[in-house]
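Notes for the one structure printed next.
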Amino acid sequence: MVLKAAGYERSPSRRLDATFAALSDPTRRAILARLATGEASVLELAEPFAMSQPAISKHLKVLERAGLISRRRDAQRRPCRLKPRPLAEATGWLEEYRQFWEGRFEELDAVLDEMKAQAKGRRRSRR
Amino acid sequence: MASTGGLKVVAQGDREIVMTRVFDAPRTMVFEAWTKPELLKRWLLGPPGWTMTVCEVDLRVGGAYRFVWRRDRVAGDAETPHTMGMGGVYREITAPARLVSTEEFDDAWYPGNALNTLEMIEKDGKTTLVNTVLYDSREARDGVLKSPMEQGVAASYDRLADLLAKAETR
Chain U
1 MVLKAAGYER
11 SPSRRLDATF
21 AALSDPTRRA
31 ILARLATGEA
41 SVLELAEPFA
51 MSQPAISKHL
61 KVLERAGLIS
71 RRRDAQRRPC
81 RLKPRPLAEA
91 TGWLEEYRQF
101 WEGRFEELDA
111 VLDEMKAQAK
121 GRRRSRR
Chain F
1 MASTGGLKVV
11 AQGDREIVMT
21 RVFDAPRTMV
31 FEAWTKPELL
41 KRWLLGPPGW
51 TMTVCEVDLR
61 VGGAYRFVWR
71 RDRVAGDAET
81 PHTMGMGGVY
91 REITAPARLV
101 STEEFDDAWY
111 PGNALNTLEM
121 IEKDGKTTLV
131 NTVLYDSREA
141 RDGVLKSPME
151 QGVAASYDRL
161 ADLLAKAETR
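Chains as they are written, first to last, in the numbering used here: chain U, 1 to 127; chain F, 1 to 170.
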């Protein structure tokens, strides 16, 4: 169940949509993980995957549109590099969402504590 | 991803949000707290300033539930009073292990509906709750994650402290 928070406004950001779309694919996540260790060319990125260079290039285009990577205009090689900011923003939402729910669940903890205390009381009075 | 504190939240695939949380209670109690109105009302609170005014549960497959929250008029605020309602239908009930229900808000704030699956796994008297929310579309899921959550959750922590204090003196 998900509650709507007070002050919610419909403010879609296309770039942030693109971030989530880009992150939803395992190959693209693997590419990002590889780029986290340093920049790499398309050829280098294609190597560990059983994929053609054009297929990898397609994934790179998605990542580039989402602003997750940048590519240097470096003649033939055009190495790719990770841009960490949109990633941090995406995990930032999850963190806000998590905090909202953690507040609710801490209330539930208290209710459960009370239920346990009552069950204990009932057991005791039955003896 | 986000994993500090007790609650873990991850975006899974294109259309899901998965929340995982451990509760220090047997799953029969966790299941009760999710399905009995008098218990739901005490923890499923809106943001600070809101109260739950309607909490109806018809716990049968095909039975409906309905929740409404209300924020009373605040001096100097033209917008209030304000209500927010949501409801759905129970699709699968396997107490105390699993509860599947649909969810829909009165004023749709994300496109389409969602399907909510609660799974409760008990071990050594503790219950791991896995709540998977499946949205109709990726846009809906992302919209939910992006909605600015109320920052001031401090008030709910205060209520928690009160409840804990009461539980201890009993």
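Positions of the beta carbon are idealized from the N, C-alpha and C atoms, including for glycine.
What is the rounded straight-line gap between the Cα of residue i and the Cα of residue j?
i: T44 (chain F); j: A66 (chain U); result: First, the amino acid is wrong: residue 44 (chain F) is Leu here, not Thr. So the two alpha carbons sit approximately 36 Å from each other.
i: R15 (chain F); j: R60 (chain F); result: 27 Å
i: C55 (chain F); j: D106 (chain F); result: 15 Å
i: L94 (chain U); j: R104 (chain U); result: 16 Å
i: T117 (chain F); j: T94 (chain F); result: 11 Å
i: P96 (chain F); j: W34 (chain F); result: 10 Å
i: Y65 (chain F); j: E47 (chain U); result: 53 Å
i: P26 (chain U); j: K61 (chain U); result: 15 Å
i: V195 (chain F); j: R28 (chain U); result: Residue 195 (chain F) lies beyond the stretch modelled for chain F, which goes from 1 to 170, so this question has no answer here.
i: L82 (chain U); j: S52 (chain U); result: 21 Å
i: K41 (chain F); j: G13 (chain F); result: 32 Å
i: P148 (chain F); j: R141 (chain F); result: Its pLDDT being 46, under 50, P148 (chain F) is placed unreliably in this model, and the coordinates cannot settle the point.
i: A114 (chain F); j: E103 (chain F); result: 5 Å
i: A119 (chain U); j: R98 (chain U); result: 30 Å
i: R34 (chain U); j: L45 (chain U); result: 8 Å
i: G38 (chain U); j: L63 (chain U); result: 16 Å
i: V10 (chain F); j: S125 (chain U); result: 44 Å
i: E96 (chain U); j: E107 (chain U); result: 17 Å
Looking at chain F, is there any beta carbon in it that lies within less than 7 Å of the beta carbon of residue i?
i: K116 (chain U); result: yes
i: L108 (chain U); result: yes
i: V111 (chain U); result: yes
i: F49 (chain U); result: no
i: M1 (chain U); result: The pLDDT assigned to M1 (chain U) is 46, lower than 50, so where the model puts this residue is not dependable; a value taken from the coordinates is nonetheless given after this. True, the Cβ-Cβ gap to chain F drops below 7 Å.
i: L32 (chain U); result: no
i: R126 (chain U); result: no
i: L63 (chain U); result: no
i: R98 (chain U); result: yes
i: E39 (chain U); result: no
i: L68 (chain U); result: no
i: L82 (chain U); result: no
For residue i, which three-state DSSP category applies?
i: E38 (chain F); result: helix
i: P148 (chain F); result: With a pLDDT of 46 at P148 (chain F), under the threshold of 50, the predicted position of this residue should be treated as unreliable, though the coordinate-derived value follows. The answer is coil: DSSP assigns P148 (chain F) none of H, G, I, E or B.
i: F67 (chain F); result: strand
i: A50 (chain U); result: coil
i: E119 (chain F); result: strand
i: A97 (chain F); result: coil
i: T51 (chain F); result: strand
i: R77 (chain U); result: coil
i: S191 (chain U); result: Coverage of chain U is limited to positions 1 through 127, which leaves residue 191 (chain U) absent and any answer about it impossible.
i: V28 (chain F); result: Before going further, note that residue 28 (chain F) is Thr rather than Val in the sequence given. DSSP places T28 (chain F) in helix when its eight states are reduced to three.
i: R91 (chain F); result: strand
i: A36 (chain U); result: coil
i: K8 (chain F); result: strand
i: R104 (chain U); result: helix
i: K126 (chain F); result: strand
i: V111 (chain U); result: helix
i: R60 (chain F); result: coil
i: L134 (chain F); result: strand
i: G85 (chain F); result: strand
i: R21 (chain F); result: strand
i: L82 (chain U); result: strand
Under a CB-based cut-off of 7 Å, is residue i close to chain U?
i: L145 (chain F); result: yes
i: F31 (chain F); result: no
i: R70 (chain F); result: no
i: V61 (chain F); result: no
i: A97 (chain F); result: no
i: R42 (chain F); result: yes
i: V57 (chain F); result: no
i: D106 (chain F); result: no
i: D14 (chain F); result: yes
i: A134 (chain F); result: For clarity, residue 134 (chain F) is Leu in the given sequence; the question names Ala instead. Cβ-Cβ to chain U under 7 Å: no for L134 (chain F).
i: T169 (chain F); result: Note that T169 (chain F) scores a pLDDT of 44, beneath 50, so its modelled location is shaky; the value from the coordinates is reported in the next line. It does not: the Cβ of T169 (chain F) has no partner Cβ on chain U nearer than 7 Å.
i: V130 (chain F); result: no
State yes or no: is the C-beta of residue i nearer than 6 Å to some heavy atom of the ligand MN?
i: S52 (chain U); result: As presented, the structure is devoid of all ligands, the ligand MN included, so that no description of it is given.
Sufficient close CB pairs (3 or more, under 8 Å) joining the stretch 101–117 of chain U to the stretch 88–95 of chain F: No, the stretch 101–117 of chain U is not in contact with the stretch 88–95 of chain F.
Three or more C-beta pairs below 8 Å linking the stretch 120–135 of chain F and the stretch 18–33 of chain F: Between the stretch 120–135 of chain F and the stretch 18–33 of chain F, the count of Cβ pairs shorter than 8 Å is three or higher; the stretches touch.
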